[in-house]
Amino acid sequence: MTVAERGGVATARNRRKGSPSDKRLDSRQGRQQGSSTTTGPLNWLVVPALVIFLVFAVLPLAGVLLLSFTNWDGIGSITFAGVANWLRAFGDPTMYHALWLTFLIMALTWIIQTPISLLLGTFTAGTQKYRALLAVLYFLPLLLSSAAIAIAYKALLDPNFGLAAGLHMPFLAQDWLGQPQLALGVVIFVVSWQFIPFHTLIYQGGVRQIPKSLYEAASIDGAGRVQQFFFITVPQLKYTIITSSTLMVVGAVTYFDMIFVITGGGPGNATRNLALDMYLTGFKANQMGQASVTAVILVVLGLSIALWLQRLGGKDKNGSQLEGM
Amino acid sequence: MKPNPTTRRSFLTLAGLAPLAVWGLAACGTSGPGGSTGGAGSASMWSLTGAPGETIRKTSIDGFNKANPDNQVKLTFFQNDAFKTKIKTAIGAGEAPTMIYGWGGGGLKAYAQAEQVLDLTDWLAENPKVKDRLFPSAFGAATVDDKIYAMPNETVAPIIFFYNKELFDKAGAQPPKTWDELLALAKTFNDLGIAPISLAGQSRWTSMMWLEFMFDRLGGPEVFNDVFAAKENAWSAPAAIEALTKVQELVAANGFIKGFSSITADSNADQALLYTGKAAMMLHGAWTYGSMKNDGDGFVQDGKLGWFDFPAFEGGKGDLTNTVGNPGQYMSISAKASAEDQATAKKYFAEGMLDDAEVTAWIASGAVPIVTGIEDQLAATDDKDFLTYVYNTAKNAANFQQSWDQALSPTAAEALLNNIDQLFTKSITAEQFAKNMNATLGQ
């Protein structure tokens, strides 16, 4: 099993480097060999991807950076504004509040989603029939679009005609979207509800990759289920956790659509995070220059967090966790 | 605000990568029918999807195209929110359609200042027949610096104070004539366990309608005109502070239904509160009449829906015939279009728009087109009481204040809605509101 797996990895690497015929099983050798034989014509294959990346990612990014130094209402002429937009952004309490909210939502959604997805993923990784059935039910939110989820929750949370009236449970008739704390809670709940299935899926795949022999060895040594979970499952899932967390955290920086539909940033500014602030400033208030400042901050924030999380994985993150197996 | 109950729905057409959204949309969203493509004497028009406007506009254009083989209008429909983003981008990129649909006010002012739309003042002066058949009040929001930049069209939708007659009978109450009577009614209904006033506070523009009326009743149109003219500290005028304070008193007296900040107008939940007998009164656009008739299970048909003029304030300066809302919808001509295309557009304005067939179609849909002299046609409908009330309100209004969020620039409107939200939840005081809004004057 393990030999075949490594062979697979090596083959994939060799293909990427352009020597598909080489089917050597040792991955290290494959790596060395690949780096020394890059042939000419194949370099051209990278051009379409590079062009798309430049035109749709790098150029717009440069454009946003330029726009952040201008005043533009989206219709009239663009005028140079110097650093005025940046000064205003850094002197604006709404901006700091939006930044704080972004981190708060990031932290809270991570804290809620990770343990639940990890447990659900481990649970649904089992091969029993009832688990497969439950897994299908858990994954249902994945099939819905953010806007649909937001509209549905908005209707459910209506104090007069929503869940409270439908289920005859008066305690559900709170001012859900009218109280700052409650509204933030609603946002975090709905985000978690929407994305836990996705991360469960990632963890399910991760758990299924853990060799059975590890568990067999552990149970021979007398480890119980809880110990197996903490000493085998969780450590073996290290990279899965990093991947899932990166998606959660970077995703949290850009949560926008669902919040926009469900609260519109309200009440007041209670749920106006950075991404939403950017949209409202740019497309509702027509201040493209000011919105570009927010956009640049978002990009820098998202990239630094993603980079930091990748570092967490260690330099040797492409190495196998199954060395010696 | 538009005379269509579904238009505020916030379906997103963009999700994508948020950091790139600002530039990406501005740079890439320019495809679509160009302004001056096609043969001589053809014009393009973008209009909104949704009943009944979509069908009425299509029928009108088809009729015009058939009658004028040399002047063809090409019509494209967009969903409301998508349209708002797209038209802005198209105009910015110089690729606007010949005829630009809009809501007048601040949005039109931005187009006019960027010299993107044609000045129609002289053309209308030369064609008095085109102008004089429409409500004079409809031209206010089409005028920037004394020049008319848009042709009013479609329907008028003032804001109406609705009430549930059945609940008023139960409470032995009469429609309030003064603000004090309204405050007294709040207590009466609360004592009966009925919410006095339904309000979809989450949508914010719903709360704004209260302030629009209160500013006018207390201080007359001048108060908001000063804001519109960006006079210094216009939001802290005595009448403005009084209105802001009084609305918070109504909130404190539980005048609005409990949890109103969680109620949204998108789902028409505020209307449902009125027709299911959970709330006694509601201040809302005239367009809600149609949806309450549809959804209310006979509420309107059985005569349980009543309406009255917004109450007066003791010592208030505003004329009691003054009203607020949407004086009409607007159609401008792109300054970038060719002369032939512009001529076609003018021809459509003069002959096609709001012709007899279109007027009849709007009335049949339960709305009041902005045309004078249609009393008899309105009186022949099932909804004659309501339509005649709307017609007379619009026709007799000494001042027809356009909705503030349409009248102000988008920047100021966004700040306004945000501050109204905080005012109604009592997160800020009247003075703080005035201070925050004074900072946006002239933006």
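Protein sequences appear in the order of chains G and W.
Just so we're aligned, residue 172 is where the first sequence starts under my numbering, counting upward by one.
Just so we're aligned, residue -12 is where the second sequence starts under my numbering, counting upward by one.
Even for Gly, the Cβ is constructed at its ideal location relative to N, Cα and C.
Since the structure is predicted, the reported quantities are computational estimates derived from the model, not experimental observations.
Closer than 8 Å by beta-carbon distance: list the chain W residues that pair up with residue 457(G), in chain order. Chain W residues near residue 457(G): 75, 97, 396, 397, 398.
Inter-residue Cα distance where the pair is residue 200(W) and residue 399(W): The C-alpha of residue 200(W) lies about 19 Å from the C-alpha of residue 399(W).
Roughly how many angstroms separate the alpha carbons of residue 282(W) and residue 275(W), rounded to a whole number? Going by the C-alpha atoms only, they are around 10 Å apart.
If you reduce the DSSP assignment to three classes, tell me which class residue 189(G) lands in. The predicted position of residue 189(G) is uncertain, since its pLDDT is 42 and thus under 50; no value can be drawn from it.
Would you say residue 401(W) lies against chain G (beta-carbon separation less than 9 Å)? So, interface residue.
Just tell me which of 42(W), 68(W), 61(W), 101(W) has its CA closest to the CA of residue 245(G). Comparing Cα-Cα distances from residue 245(G) to each of 42(W), 68(W), 61(W), 101(W), the minimum goes to 101(W).
Whose CA, out of 49(W), 94(W), 294(W), 77(W), lies closest to the CA of residue 457(G)? Considering only alpha carbons, the answer is 94(W).
Note down, one range per segment and in chain order, each alpha helix (DSSP H) of at least 4 residues found wholly within the stretch 349 to 430 of chain G. Counting only runs that start and end inside the stretch 349 to 430 of chain G, the alpha helix (DSSP H) elements of at least 4 residues fall at 351 to 380, 383 to 391, 396 to 399, 409 to 424.
To the nearest angstrom, how far is the alpha carbon of residue 180(W) from that of residue 423(G)? Distance between residue 180(W) and residue 423(G), taken at the CA atoms: about 43 Å.
What is the DSSP secondary structure of residue 431(W), counted as helix, strand or coil? No statement about residue 431(W) is possible, as the shown extent of chain W runs from -12 to 430 and does not include it.
Do the stretch 397 to 416 of chain G and the stretch 460 to 477 of chain G touch if we need at least three Cβ pairs shorter than 8 Å? Of all C-beta pairs linking the stretch 397 to 416 of chain G to the stretch 460 to 477 of chain G, fewer than three are shorter than 8 Å, placing the two stretches out of contact.
Under 8 Å Cβ-Cβ, which residues of chain A neighbour residue 331(G)? Absent from the structure is chain A; the protein chains it does hold are G and W.
Going by DSSP, name the residue or residues bridged to residue 146(W). Answer is 272(W), bridged to residue 146(W).
When the Cα of residue 138(W) is compared with those of 110(W), 184(W), 393(W), 163(W), which residue comes out closest? Checking every option, the nearest Cα to that of residue 138(W) belongs to 110(W).
In the DSSP assignment, find the alpha helix (DSSP H) that holds residue 244(W) and state where it starts and stops. That residue, residue 244(W), is in no alpha helix (DSSP H); it is neither H nor E in DSSP.
With 16 other CB atoms within 10 Å as the buried threshold, where does residue 376(W) fall? Looking at its Cβ environment, which holds 16 or more other Cβ atoms inside 10 Å, residue 376(W) is buried.
Under the three-state reduction of DSSP, which class applies to residue 284(G): helix, strand or coil? Note: residue 284(G) maps to helix in three-state DSSP.
Between the alpha carbons of residue 319(G) and residue 252(W), how many angstroms are there, rounded? The straight-line gap from Cα to Cα measures roughly 17 Å.
Are any of the Cβ atoms in chain G nearer than 9 Å to that of residue 140(W)? Contacts with chain G at 9 Å (Cβ-Cβ) do not include residue 140(W).
Rounding to the nearest angstrom, what Cα-Cα distance links residue 322(G) and residue 37(W) in this structure? Whole-angstrom Cα-Cα distance: 19 Å.
Counting C-beta neighbours from all protein chains within 10 Å, is the total for residue 53(W) 16 or more, i.e. buried, or is it exposed? So residue 53(W) counts as exposed.
Chain-order list of residues whose beta-carbon lies under 7 Å from that of residue 371(G) (same chain, five-residue window excluded): Result list for residue 371(G): 288, 291, 292, 295, 309, in chain order.
Examine chain W for any beta-carbon lying closer than 9 Å to the beta-carbon of residue 369(G), and answer yes or no. Cβ-Cβ to chain W under 9 Å: no for residue 369(G).
Residue nearest to residue 316(G) in terms of C-alpha spacing, selected from 259(G), 251(G), 427(G), 442(G): Looking at the Cα atoms, 427(G) is the closest of the given residues.
According to the Cβ coordinates, are residue 208(W) and residue 386(W) closer than 9 Å? For residue 208(W) and residue 386(W), yes; Cβs fall inside 9 Å.
Here's a check: name, in chain order, each residue in its chain whose Cβ is nearer than 6 Å to the Cβ of residue 3(W), leaving out the five neighbours to either side. Caution applies to residue 3(W), whose pLDDT of 31 falls short of 50 and renders its modelled position unreliable; the value that the coordinates give is listed next. Same-chain partners within the cutoff: there are none.
Counting only beta-carbon separations shorter than 9 Å, does residue 246(G) have a partner in chain W? At least one chain W Cβ lies under 9 Å of residue 246(G).
Using only the alpha-carbon positions, how far apart do residue 220(G) and residue 227(G) sit? Distance between the alpha carbons of residue 220(G) and residue 227(G): 10 Å.
Let me know the secondary structure DSSP gives residue 72(W) once reduced to three states. Note: residue 72(W) maps to helix in three-state DSSP.
Paired residues, beta bridge with residue 356(W) - DSSP: When beta bridges are read from the DSSP output, residue 356(W) appears opposite 142(W).
Residue 460(G), enclosing alpha helix (DSSP H) - first and last residue: First-last of the alpha helix (DSSP H) with residue 460(G): 459 to 483.
Can you give me the C-alpha to C-alpha distance between residue 77(W) and residue 104(W), rounded to a whole angstrom? So the alpha carbons of these two residues sit roughly 13 Å apart.
How many Å lie between residue 421(W) and residue 151(W) at the Cα? One Cα belongs to residue 421(W), the other to residue 151(W), and the distance between them is close to 34 Å.
Is the separation between the beta-carbon of residue 90(W) and that of residue 405(W) shorter than 9 Å? No, they are not a contact pair.
Could you have a look at residue 432(W) and say whether DSSP puts it in helix, strand or coil? Residue 432(W) lies beyond the stretch modelled for chain W, which goes from -12 to 430, so this question has no answer here.
If you run the structure through DSSP and keep just helix, strand and coil, what is residue 174(W)? Of the three classes helix, strand and coil, the one that applies to residue 174(W) here is helix, per DSSP.
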